[in-house]
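Residue numbers (the numbering used here): 1359 to 1489. C-beta: ideal position from N, C-alpha, C; glycine also. The structure displayed is predicted, hence computed values, not measured ones. For reference, the structure is listed below as structure tokens.
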């Protein structure tokens, strides 16, 4: 399982029970009221990606989730969107997607959050497989 954290987290690596946990700063634009991270479970050749949000206050957010996976075998693009209600202090899974990146491919998960038509966060996770 790999988790990418946002909002000021520095790069850290830690091995636990054979699993590698990686936290990276992935924030592009962020409202301090929202903390976002990507929970990634890698199994064989695919990754199950679940973005989470936690808010300092109750909030109703619109999300846009885009996945672009490009490699020698071709390109795939997935888009999801919707509205979620977040209770103060409670983590909330936004959505989930399974990706199967190719070695050396470009794979990116982009998440944009809006509240009352105002963008409050944009987050990116690199899901590519390095050589």
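query = What is the DSSP secondary structure of residue 1443, counted as helix, strand or coil?
reply = strand
request  = Could you name the residues that DSSP lists as bridge partners for residue 1451?
outcome  = Residue pairing by DSSP places residue 1451 opposite 1410 in a beta bridge.
query = What residue from 1415, 1403 and 1392 has the CA that sits closest to residue 1446's CA?
reply = 1415
Chain-order list of residues whose beta-carbon lies under 7 angstroms from that of residue 1443 (same chain, five-residue window excluded) = 1418
inquiry  = Can you look up residue 1458 in the DSSP assignment and give me helix, strand or coil?
reply    = coil
key: Simplified DSSP state of residue 1431, which is helix, strand or coil   = coil
request  = Between the Cα of residue 1463 and those of 1453, 1425 and 1420, spot the shortest distance and give me the residue it belongs to.
outcome  = 1425
inquiry  = In the DSSP output, which residue or residues are listed as bridge partners for residue 1438?
reply    = 1423
task = Sort out for me which residues DSSP pairs residue 1418 with in a bridge.
result = 1443
query = Looking at C-beta atoms only, is the number of pairs between the region 1398-1414 and the region 1448-1467 that lie closer than 8 angstroms three or more?
reply = Yes: at least three Cβ pairs fall under 8 angstroms.
Residues near residue 1420 in its chain [Cβ-Cβ closer than 6 angstroms; skip 5 each side] = Answer for residue 1420: 1441 and 1472, listed in chain order.
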